[in-house]
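One structure is given here, and the rest of the page talks about it.
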Amino acid sequence: MARFTLPRDLYHGKGSLAELKNLTGKKAIIVVGGGSMKRFGFLDRAIDYIKEAGMEVSLFENVEPDPSVETVMKGAAAMREFEPDWIISMGGGSPIDAAKAMWAFYEYPDTTFEDLIVPFNFPTLRTKAKFCAIPSTSGTATEVTAFSVITDYHKGIKYPLADFNITPDVAIVDPDLAETMPAKLTAHTGMDAMTHAVEAYVSTLHCDYTDPLAMHAIRMVHEYLKSSYDGNMDARDKMHNAQCLAGMAFSNALLGIVHSMAHKTGAAYSGGHIVHGCANAMYLPKVIKFNSKNEDAAKRYAEIATALFLKGNTTTELVDALIEELNQMNRSLNIPSCIKEYENGIIDEKEFLEKLPEVAANAISDACTGSNPRIPTQEEMEKLLKACFYNEEITF
Numbered sequence: 001m002a003r004f005t006l007p008r009d010l011y012h013g014k015g016s017l018a019e020l021k022n023l024t025g026k027k028a029i030i031v032v033g034g035g036s037m038k039r040f041g042f043l044d045r046a047i048d049y050i051k052e053a054g055m056e057v058s059l060f061e062n063v064e065p066d067p068s069v070e071t072v073m074k075g076a077a078a079m080r081e082f083e084p085d086w087i088i089s090m091g092g093g094s095p096i097d098a099a100k101a102m103w104a105f106y107e108y109p110d111t112t113f114e115d116l117i118v119p120f121n122f123p124t125l126r127t128k129a130k131f132c133a134i135p136s137t138s139g140t141a142t143e144v145t146a147f148s149v150i151t152d153y154h155k156g157i158k159y160p161l162a163d164f165n166i167t168p169d170v171a172i173v174d175p176d177l178a179e180t181m182p183a184k185l186t187a188h189t190g191m192d193a194m195t196h197a198v199e200a201y202v203s204t205l206h207c208d209y210t211d212p213l214a215m216h217a218i219r220m221v222h223e224y225l226k227s228s229y230d231g232n233m234d235a236r237d238k239m240h241n242a243q244c245l246a247g248m249a250f251s252n253a254l255l256g257i258v259h260s261m262a263h264k265t266g267a268a269y270s271g272g273h274i275v276h277g278c279a280n281a282m283y284l285p286k287v288i289k290f291n292s293k294n295e296d297a298a299k300r301y302a303e304i305a306t307a308l309f310l311k312g313n314t315t316t317e318l319v320d321a322l323i324e325e326l327n328q329m330n331r332s333l334n335i336p337s338c339i340k341e342y343e344n345g346i347i348d349e350k351e352f353l354e355k356l357p358e359v360a361a362n363a364i365s366d367a368c369t370g371s372n373p374r375i376p377t378q379e380e381m382e383k384l385l386k387a388c389f390y391n392e393e394i395t396f
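The opening residue of the sequence shown carries number 1 in my numbering; numbering runs sequentially from there.
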């Protein structure tokens, strides 16, 4: 038996933010990030809609990129003081992910973060509040997923929290919000969406319900991401839908080691963070080559290549064509080919090599590894990470 879970209601299309005025409740807390939602007027609009629904509104602002355990605890404390019956988060993946974790600690103050990092170990939510997610970026799809990524900066590790309990009750996918994204963010979030869809399609847990969503998302990202990056707002709107479809697929089929590696390299180095979507973009071609040693995975990568009208007479040729197409997409989006080139070399080579065994072990133990079609050994994961640092060919 398998499970397929989505939000109860998903509102999409321009102007769908107005659906907030139809929510029913007494109090709503809005969780937002660094200010773009306020700057572009969307936060004030959301507040007005919620007040029109007859609810008292409180704000929790300034959730940082890659939200920390400390931010989650502060937000949960604010919720316990205000006692909302709706948690509404709007913005990029960070404030929505943070709000999902806050939700658990709001309803269960005595639970621990160590409890929640065990996959599918959340307590039953909705004892105090429901959850509405409104994305402003076209990548994470956290508005429809059972996932949240929270960073423990003391340990330098990103933890993917996973439980169907944190799938939002309501998702509002309004492309007006995504039209404010700068080009670099558009590129990174777009390749994040591509990675979600590709990993979901080859996951060991893929099924007849997830395959069509993943494949259609792959086609859409392939067709619209570059135009979206170049500023075409019709393409930007299409990408907002594409990333959501990819999220529906991976929330139920789960992911693979591209994400395991991105989670564990993102905050591991003193030089700076490796932005999640950029990490996925750099690692995906390498992981495809590694996974293609698995016959079933190779066949499914070849199916993706065929769907994108890439050329090849054999499965191997089609897999290689897909890898080259993804590399070409990265080049067209000004995404570096490897960690060594990331942000002009901010990740120190010596530190990378010193931490390699630990980061590799953490990646293997990541929640996303179990559904990858080929489980790497410690030695293979270290070699994969080194290949991603130096842009080396995958031959193992």
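Think of the CB as a built atom: it goes at the ideal place given N, C-alpha and C, for glycine as much as any other residue. Here the structure is a predicted model, which is why all the values come from computation and not from measurement.
Check your understanding: What are the partner residues of Met79, as DSSP defines its beta bridges?
Key -> According to DSSP, Met79 bridges with nothing at all.
Point to revise | alpha helix (DSSP H) segment containing Met1, residue limits | key: For Met1, no alpha helix (DSSP H) encloses it, and the DSSP letter there is neither H nor E.
Exercise for review: Check each candidate in Ile30, Val198 and His273 and name the one with the smallest Cα separation from Asp85.
Suggested key: Distances from the alpha-carbon of Asp85 to those of Ile30, Val198 and His273 put Ile30 closest.
Point to revise | Where Asp237 falls: helix, strand or coil (DSSP) | key: Looking at Asp237 - three-state DSSP - the assignment turns out to be helix.
Check your understanding: How long is the line joining the alpha carbons of Thr186 and Tyr201, rounded to whole angstroms?
Key -> So the alpha carbons of these two residues sit roughly 23 Å apart.
Point to revise | N- and C-terminal bounds of the alpha helix (DSSP H) containing Gly190 | key: Taken as a continuous stretch (DSSP letters only), the alpha helix (DSSP H) holding Gly190 covers Ala183 to Val202.
Practice item. Would you mind working out which of Pro175, Asp163, Phe120 and Pro168 sits nearest Gly139, comparing C-alpha positions? Key: In this structure, Pro175 is the residue among Pro175, Asp163, Phe120 and Pro168 with its C-alpha nearest to the C-alpha of Gly139.
Practice item. Give a yes or no on contact between the stretch 276-295 and the stretch 312-323, applying the rule of three or more CB pairs nearer than 8 Å. Key: yes
Check your understanding: With DSSP run on the structure shown, which of helix, strand or coil describes Leu333?
Key -> coil
Exercise for review: Rounded to whole angstroms, what's the CA-CA distance from Pro168 to Ser203? Just pull it up for me.
Suggested key: 23 Å
Point to revise | Cβ shell of Met55 (< 8 Å), same chain only, five flanking positions each side left out | key: Leu23, Gly25, Lys26, Lys27, Ala28 and Trp86
Point to revise | Segment limits, alpha helix (DSSP H) that includes Cys388 | key: Boundaries of the alpha helix (DSSP H) harbouring Cys388: Gln378 to Tyr390, taken from the DSSP string.
Review point. Can the beta-carbon of His222 be found closer than 8 Å to that of Ala253?
Key: no
Review point. Out of Val149, Thr189 and Pro135, which has the shortest C-alpha to C-alpha gap to Pro119?
Key: Per the Cα distances, Val149.
Check your understanding: So the beta strand (DSSP E) Met102 belongs to, where does it begin and stop?
Key -> First-last for Met102: Gly93 to Glu107, but that is the alpha helix (DSSP H), not the beta strand (DSSP E).
Review point. By how many angstroms is the C-alpha of Met381 removed from the C-alpha of Ala361?
Key: 8 Å
Exercise for review: Within its chain, find whatever has a CB closer than 8 Å to the CB of Leu310; leave out the 5 residues flanking it on each side and keep chain order.
Suggested key: Leu318, Ala321, Leu322 and Glu325
Review point. Is the distance from the Cβ of Pro373 to the Cβ of Ile364 below 8 Å?
Key: Not closer than 8 Å, so no.
Practice item. Mark Glu354 as exposed unless 16 or more other C-beta atoms lie within 10 angstroms of its C-beta, in which case mark it buried. Key: exposed
Practice item. Would you tell me roughly how many angstroms separate the C-alpha atoms of Gln378 and Asp348, rounded to the nearest one? Key: Between Gln378 and Asp348, the C-alpha separation is close to 22 Å.
Review point. Which two residues bound the contiguous alpha helix (DSSP H) that contains Ser260?
Key: In this chain, the alpha helix (DSSP H) harbouring Ser260 covers Ile257 to Gly266.
Practice item. State buried or exposed for Ser332, treating a residue as buried only when at least 16 other CB atoms are found within 10 Å of its CB. Key: By the neighbour-count rule (16 or more Cβ atoms within 10 Å), Ser332 is not buried but exposed.
**Study point:** Alpha-carbon to alpha-carbon, Lys155 and His263
**Key:** 13 Å
**Study point:** the stretch 102-116 touching the stretch 71-83, judged by at least three CB pairs closer than 8 Å
**Key:** yes
Check your understanding: When burial is assigned at 16 or more other CB atoms within 10 Å of the CB, is Met1 buried or exposed?
Key -> exposed
Exercise for review: Count the other CB atoms, across all protein chains shown, that sit within 10 Å of the CB of Ile88; report buried if there are 16 or more and exposed otherwise.
Suggested key: Ile88 comes out buried.
Practice item. Quick one: grab the DSSP three-state call for Glu64. Key: coil
Exercise for review: Could you spell out where the alpha helix (DSSP H) holding Asp48 opens and where it closes?
Suggested key: Phe42 to Glu52
Check your understanding: Measuring CB to CB, does Met233 end up less than 8 Å from Glu199?
Key -> no
Check your understanding: What runs of the alpha helix (DSSP H), each 4 residues or longer, lie entirely inside the stretch 267-322?
Key -> 276-291 and 295-307
Point to revise | Distance between Phe42 and Ala387 (C-alpha atoms, nearest Å) | key: 42 Å
**Study point:** Best match in Lys100, Gly34, Leu308 and Asp230 for proximity to Lys130 [C-alpha to C-alpha]
**Key:** Lys100
**Study point:** Straight-line gap, Tyr153 to Met194 (C-alpha atoms, nearest Å)
**Key:** 27 Å
Check your understanding: To the nearest whole angstrom, what separates the beta carbons of Asp97 and Pro135, a pair I think is in contact under 8 Å?
Key -> 11 Å between Cβ atoms; not a contact.
Review point. In this structure, does DSSP put Val118 in helix, strand or coil?
Key: coil
Check your understanding: Going by Cα to Cα distance, which pick from Ala297, Ala302, Pro182 and Tyr390 is closest to Ser371?
Key -> Ala297
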